[in-house]
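J.: Sharing a structure with you now.
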Amino acid sequence: MKILHVVGARPNFMKAAPVMRAFSAHEGIMQSLVHTGQHYDANMSDVFFEQLGLPRPDFDLGVGSGSHAVQTAHVMLRFEEAVLKDRPDLVMVYGDVNSTVAATLVCAKLGIPIAHVEAGLRSFDRTMPEEINRLMTDQIADLLFTPSSEGDDNLLREGIAPERIHCVGNVMIDTLVRLLPKAQARWPQLSAELGQSLPGFEANGGYALLTLHRPSNVDHPDGLRDLMAALEELAEEMPLLFPIHPRTRARLQEWNLQPRQKNVHLMEPVGYIDFLALQQNARLVITDSGGVQEETTFLGVPCLTARENTERPVTVTIGTNILVGEDRQKLRDEARRLWKEGISNHQIPPLWDGRAGERIAAITIPWLQENQKSC
Ligand code: UD1
Ligand code: UDP
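Just so we're aligned: 319 in our numbering is position 333 of the sequence shown, and the numbers increase by one with no gaps anywhere.
Put into structure tokens, the structure is as follows:
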């Protein structure tokens, strides 16, 4: 049996790695890997292959950046050729990026079974490009692997047959659990390196870690100006460490909004191990990333999410996440409170235990055997 995995953007890599590892523990399963090339900078792509132990891709589609239509169409055109050459029995797609929906559409038309890892997430906000990708992918995938039970509820509400849905837990947390010891071992050296490379930064004195890349936050000049002003005001009280996503770097340059406050420390995007170490040692994380909301919940680190909604509500109901939306006063007030008080209690959601990939393999293999018999 042959399984083809599709990755393209930064958050795909840490989801695919544990699933590929889990399948490789089973005999008789061949695997191949497509990298669409949606993300291509070394620090948005190559570094994750090295650190997560992903194999070199069998197909590198090199699609790069573009409008949604251009990027999705390029993935479809090039992925169709790859999948016809590879002839897998099943294609595995991850998350909610354009590469995910593009590969899913191609397979559905070719009659190739599809499994979606991280199915069922809903922000209920269709202005978010990822929400469209999630809705489309889940409607046409054959196997839907959800990270928590709200995902199952969302899918059932959309009329998806219960036998297609499997709550397996969070594969991103599999990677975190596996690599946390490496991140912990890296911290003393990393904190020393940061002290040398960032003038005035002292990691052990405490810092807030910041990531931003949602179009709703960074693609409108007035909104971004307003957000950066709130963050620069906060930086007077707490050092902000800001590994900056290339989309955001481009917008700040375009509108001349680069932070001038010396306590805002800009960095290039960092690799997985360093970012995990930075999250674990932060007093507070401010973000609009989906994955970071989950990782901070697992680590028990307070997280403020600069979004009106989240497709990961369990991080708010039992985790460490607080939505501050576009309310800049709330952002500042909550950041000051958490900086002083931290967070008193939180829980790790069920099945976020480092074994989601194994559960996916254990469900998929018999499903494929059954499916092949009936063909
Ligand atoms: C994409 C995903 C988003 C995910 C994010 C993770 C979609 C619709 N969006 O958003 O869900 O949260 O990845 O990081 O799929 N760029 C570079 N180098 C790179 C990659 C991007 O310079 O290696 C720049 C380009 O200017 C590009 C821009 O970043 O136009 C945006 O990249 P794109 O992949 O279109 O969307 P992201 O914002 O990264
Ligand atoms: N991440 C990283 N380096 C960074 C920023 C994030 O390794 O500089 C990791 C983070 O730990 C998480 C994933 O990237 O595992 C989240 O990806 P991203 O925020 O790009 O996308 P999203 O989750 O919002 O789709």
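Yeah, the Cβ is synthetic: ideal placement off N, Cα and C, and Gly gets one too.
Smallest Cα separation from Asn307: which of Ala55, Pro43, Ile272, Val(-7)?
T.: Sequence index remark: in the sequence shown, residue 307 carries index 321 (1-based). Nearest option by C-alpha distance: Ile272.
J.: Using 8 Å for Cβ pairs, my map puts Arg293 next to Gly311. What's the rounded Cβ distance?
T.: Position 307 of the sequence shown holds residue 293. Position 325 of the sequence shown holds residue 311. Contact holds; Cβ gap of about 7 Å.
J.: Short check: CB of Ala88 to CB of Arg172, under 8 Å?
T.: Translated into positions along the sequence shown, residue 88 becomes position 102. Translated into positions along the sequence shown, residue 172 becomes position 186. Against a cut-off of 8 Å, the Cβ pair of Arg172 and Ala88 comes out as no contact.
J.: In angstroms with no decimal places, state the Cα-to-Cα distance between Phe128 and Arg237.
T.: Counting from one through the sequence shown, the residue named residue 128 turns up at place 142. Counting from one through the sequence shown, the residue named residue 237 turns up at place 251. The residue asked about is misnamed: residue 128 is Asp in this sequence, not Phe. Spanning the two alpha carbons is a distance of roughly 39 Å.
J.: Does the distance from the CB of Pro43 to the CB of His21 come in under 8 Å?
T.: For the purposes of this step, residue 43 is taken as the residue at position 57 of the sequence shown. For the purposes of this step, residue 21 is taken as the residue at position 35 of the sequence shown. Taking 8 Å as the Cβ cut-off, Pro43 and His21 qualify as a contacting pair.
J.: Label Gln358 either buried or exposed according to how many other C-beta atoms from any shown protein chain fall within 10 Å of its C-beta, with 16 as the threshold for buried.
T.: As a working note, residue 358 is residue 372 in the sequence shown. Exposed: under 16 other Cβ atoms inside 10 Å.
J.: Could you tell me the alpha carbon to alpha carbon distance between Arg73 and Ala215, rounded to whole angstroms?
T.: Counted from its first residue, the sequence shown places residue 73 at position 87. Counted from its first residue, the sequence shown places residue 215 at position 229. Computed Cα separation, rounded: 52 Å.
J.: Kindly indicate which residue of Leu324, Glu136, Thr161, Ile329 has the alpha-carbon position closest to the one of Gly343.
T.: Residue numbering aside, residue 343 sits at position 357 when the sequence shown is read from its first letter. Closest by alpha carbon: Thr161.
J.: Compute the Euclidean distance between the alpha carbons of Pro209 and Gln239, then round it to the nearest angstrom.
T.: Position 223 of the sequence shown holds residue 209. Position 253 of the sequence shown holds residue 239. Here residue 209 is Gly; the residue named in the question, Pro, does not match the sequence. C-alpha separation (whole angstroms): 15 Å.
J.: What residue does the beta strand (DSSP E) around Leu270 start on, and which one ends it?
T.: Your numbering for residue 270 matches position 284 in the sequence shown. 270 to 273 is the extent of the beta strand (DSSP E) around Leu270.
J.: Comparing C-alpha positions only, which one of Phe(-1), Val(-8), Gln355, Phe9 sits nearest to Ile346?
T.: As a working mapping, residue 346 is identified with position 360 in the sequence shown. Ile346 has its Cα closest to that of Phe9, out of Phe(-1), Val(-8), Gln355, Phe9.
J.: Could you name the residues that DSSP lists as bridge partners for His(-9)?
T.: As a position in the sequence shown, residue -9 is number 5, starting the count at 1. His(-9) is bridged to Leu19, Met78.
J.: Give a yes or no on whether the C-beta atoms belonging to Glu104 and Pro133 are separated by under 8 Å.
T.: Within the sequence shown, numbered from 1, the residue matching residue 104 stands at position 118. Within the sequence shown, numbered from 1, the residue matching residue 133 stands at position 147. Yes, the Cβ-Cβ distance between Glu104 and Pro133 is below 8 Å.
J.: Is Glu281 near the ligand UDP, judged by its Cβ being under 7 Å from some heavy atom?
T.: Stepping through the sequence shown from its first residue, residue 281 is reached at position 295. Under cutoff, so the answer is yes.
J.: Hey, would you say the C-beta of Thr197 is under 7 Å away from at least one heavy atom of the ligand UDP?
T.: Along the sequence shown, read from residue 1 onward, the residue named residue 197 stands at position 211. At least one heavy atom of the ligand UDP is nearer than 7 Å to the Cβ of Thr197, so yes.
J.: Taking Leu309 as the reference, give the member of Ser275, Val163, Gln170 with the closest Cα.
T.: Locating residue 309 in the sequence shown gives position 323, where the first residue counts as 1. Comparing Cα-Cα distances from Leu309 to each of Ser275, Val163, Gln170, the minimum goes to Ser275.
J.: Using a threshold of 7 Å, is the CB atom of Tyr258 nearer than that to any non-hydrogen atom of the ligand UDP?
T.: Working through the sequence shown from its first residue, we reach residue 258 at position 272. Checking the Cβ of Tyr258 against the ligand UDP gives yes.
J.: Does the segment 73 to 82 touch the segment 138 to 147, meaning 3 or more C-beta pairs lie closer than 8 Å?
T.: Taking 8 Å as the limit for Cβ pairs, the verdict is that the segment 73 to 82 does not touch the segment 138 to 147.
J.: For chain C, find out if any of its Cβ atoms is closer than 8 Å to the Cβ of Ala(-5); answer yes or no.
T.: In the structure shown, chain C cannot be found, because there is only a single protein chain.
J.: Given 7 Å as the limit, tell me if Arg(-4) has its C-beta closer than that to any heavy atom belonging to the ligand UDP.
T.: Counting from 1 along the sequence shown, the entry for residue -4 is found at position 10. Checking every heavy atom of the ligand UDP against the Cβ of Arg(-4), one is found closer than 7 Å.
J.: Sorted by chain position, which residues of the same chain lie with C-beta nearer than 6 Å to Ile159's C-beta, five sequence neighbours on each side aside?
T.: Position 173 of the sequence shown, counted from the start, is the residue given in the question as residue 159. These residues qualify, in order along the chain: Phe284, Trp338.
J.: Which first and last residues belong to the beta strand (DSSP E) in which Met6 is found?
T.: Taking the first residue of the sequence shown as 1, we reach residue 6 at position 20. Taken as a continuous stretch (DSSP letters only), Met6 belongs to no beta strand (DSSP E), being part of the alpha helix (DSSP H) at -4 to 10.
J.: Which residue's Cα is closest to the Cα of Lys71: Ser18, His231, Pro232, Phe(-1)?
T.: One-based indexing of the sequence shown puts residue 71 at position 85. Minimum Cα distance to Lys71 is reached at Ser18.
J.: What's the gap between the Cα of Asn156 and the Cα of Gly340?
T.: Along the sequence shown, one-based indexing puts residue 156 at 170. Along the sequence shown, one-based indexing puts residue 340 at 354. Spanning the two alpha carbons is a distance of roughly 8 Å.
J.: What residue does the beta strand (DSSP E) around His102 start on, and which one ends it?
T.: As a working note, residue 102 is residue 116 in the sequence shown. Unbroken beta strand (DSSP E) run through His102: 100 to 103.
J.: Measuring alpha carbon to alpha carbon, tell me which residue in Glu116, Trp325, Leu130 is nearest Gly191.
T.: The count along the sequence shown starts at 1 and reaches residue 191 at position 205. It is Trp325.
J.: Around the C-beta of Pro4, are 16 or more other C-beta atoms found within 10 angstroms, so that it is buried, or is it exposed?
T.: Within the sequence shown, numbered from 1, the residue matching residue 4 stands at position 18. By the neighbour-count rule (16 or more Cβ atoms within 10 Å), Pro4 is buried.
J.: Between the alpha carbons of Pro229 and Glu13, how many angstroms are there, rounded?
T.: As a first step, residue 229 is located in the sequence shown; it is residue number 243 there, counting from the start. As a first step, residue 13 is located in the sequence shown; it is residue number 27 there, counting from the start. Looking at the two C-alpha atoms, the distance is approximately 41 Å.
J.: Select from Gln37, Tyr258, Arg108, Phe261 the residue whose C-alpha is nearest the C-alpha of Gln125.
T.: The residue labelled residue 125 in the question sits at position 139 within the sequence shown. Ranking the options by Cα distance to Gln125, first place goes to Arg108.
J.: One question on the structure: do Phe34 and Arg(-4) come within less than 8 Å of each other, judged by their Cβ atoms?
T.: Reading the sequence shown from its first residue, position 48 is the one you call residue 34. Reading the sequence shown from its first residue, position 10 is the one you call residue -4. Result yes, Cβ atoms of Phe34 and Arg(-4) sit closer than 8 Å.
J.: Within the segment 205 to 257, note down every full alpha helix (DSSP H) run reaching 4 residues or more, in order along the chain.
T.: 207 to 221, 232 to 240, all fully within the segment 205 to 257.
J.: Tell me whether Leu142 sits in a helix, a strand or coil according to DSSP, three-state version.
T.: If you number the sequence shown from 1, residue 142 lands on position 156. Of the three classes helix, strand and coil, the one that applies to Leu142 here is helix, per DSSP.
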